[in-house]
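Asker:
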Amino acid sequence: MKKYVYNAPKIKVSTKLVDIINDDKEVVGTFKREYKNILYQILDSTVFKGDGFVQYNSYSSEGKLNYKAIKRLKMIKQSDYLINCYKGEEKVYTVTYQTLQDIAPEFLIESRDERYVIKKMPMDWARVYYKDKEVARWKMKTTELFKVYIEIEEDSPIQDPAFFSCLFQCILYVGD
Numbered sequence: 008m009k010k011y012v013y014n015a016p017k018i019k020v021s022t023k024l025v026d027i028i029n030d031d032k033e034v035v036g037t038f039k040r041e042y043k044n045i046l047y048q049i050l051d052s053t054v055f056k057g058d059g060f061v062q063y064n065s066y067s068s069e070g071k072l073n074y075k076a077i078k079r080l081k082m083i084k085q086s087d088y089l090i091n092c093y094k095g096e097e098k099v100y101t102v103t104y105q106t107l108q109d110i111a112p113e114f115l116i117e118s119r120d121e122r123y124v125i126k127k128m129p130m131d132w133a134r135v136y137y138k139d140k141e142v143a144r145w146k147m148k149t150t151e152l153f154k155v156y157i158e159i160e161e162d163s164p165i166q167d168p169a170f171f172s173c174l175f176q177c178i179l180y181v182g183d
């Protein structure tokens, strides 16, 4: 199992670059929240309270864009999310709500050839399942100044912590 940590921004609308660190204390990637322009950022922070225009970009340790996670606002039904992968074979993952529970949400992540389920229980890890087997976990501890833990099993098809940081910053840190 591979373990990673990062310190999430304490303010939702922060555009600060955040380091993802492995067990050997090496920076293996970074991510940050992006806005199209300053007007979007002001509108998001004042009108939408940081939940409106959500986009996280994730970069390799060399600074190359690996993933872009975007929240698609829906007026009538629950928002969904897109994660674009820019490393190797370009892929698009769609993230949708499986349940409408705010306390213990369940999400479905789908691409052309992969399907994952995320289950989040209060005060516990958000668990990622692939073919009914737990392959990754994410947990934020506000008692440790927003320290976030990511654990990825060896048999997970996605081994990049940058993917999971983008994903969970969108769906659980910012959310709806």
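Here the sequence shown is numbered in our numbering, starting from 8 and rising by one per residue.
Idealized CB from N, CA, C, for every residue including glycine.
The structure displayed is predicted, hence computed values, not measured ones.
In whole angstroms, what separates the C-alpha of I90 from that of D26?
Answerer: Straight-line Cα distance between these residues: approximately 19 Å.
Asker: In chain order, what residues of the same chain have a beta carbon less than 7 Å from the beta carbon of Y13, not counting five sequence neighbours either side?
Answerer: Only V25, D26, I27, I28, V155, S172 meet the Cβ criterion.
Asker: Give the range of the alpha helix (DSSP H) segment to which L72 is assigned.
Answerer: Per DSSP, L72 belongs to no alpha helix (DSSP H); it is in the beta strand (DSSP E), 72-79.
Asker: Under 6 Å Cβ to Cβ from E158, same chain only, skipping five residues before and after it: list those, please.
Answerer: Cβ neighbours of E158 beyond the five flanking positions: M8, K10, R144.
Asker: I believe P168 touches E121 by the beta-carbon criterion, under 8 Å. Please report the beta-carbon distance rounded to the nearest angstrom.
Answerer: That pair is no contact at about 17 Å.
Asker: Of the choices E41, S68, I49, whose alpha-carbon is the least far from that of E33?
Answerer: Cα-wise, what sits closest to E33 is S68.
Asker: Tell me where the beta strand (DSSP E) around F153 begins and ends.
Answerer: Where F153 is concerned, there is no enclosing beta strand (DSSP E), given that its DSSP letter is neither H nor E.
Asker: Just tell me which of S52, G70, E141, K56 has its CA closest to the CA of K39.
Answerer: Comparing Cα positions, the closest option is G70.
Asker: In angstroms with no decimal places, state the Cα-to-Cα distance between S21 and T37.
Answerer: Going by the C-alpha atoms only, they are around 14 Å apart.
Asker: Give me whichever residues DSSP pairs with T101 in a beta bridge.
Answerer: Per DSSP, L89, E117.
Asker: When DSSP labels each residue in this structure, what does S52 get in the three-state scheme?
Answerer: Three-state DSSP puts S52 in a helix.
Asker: Buried or exposed: which applies to M147, given that a residue is buried once 16 or more other Cβ atoms fall within 10 Å of its Cβ?
Answerer: Counting Cβ neighbours within 10 Å, M147 comes out buried, since at least 16 surround it.
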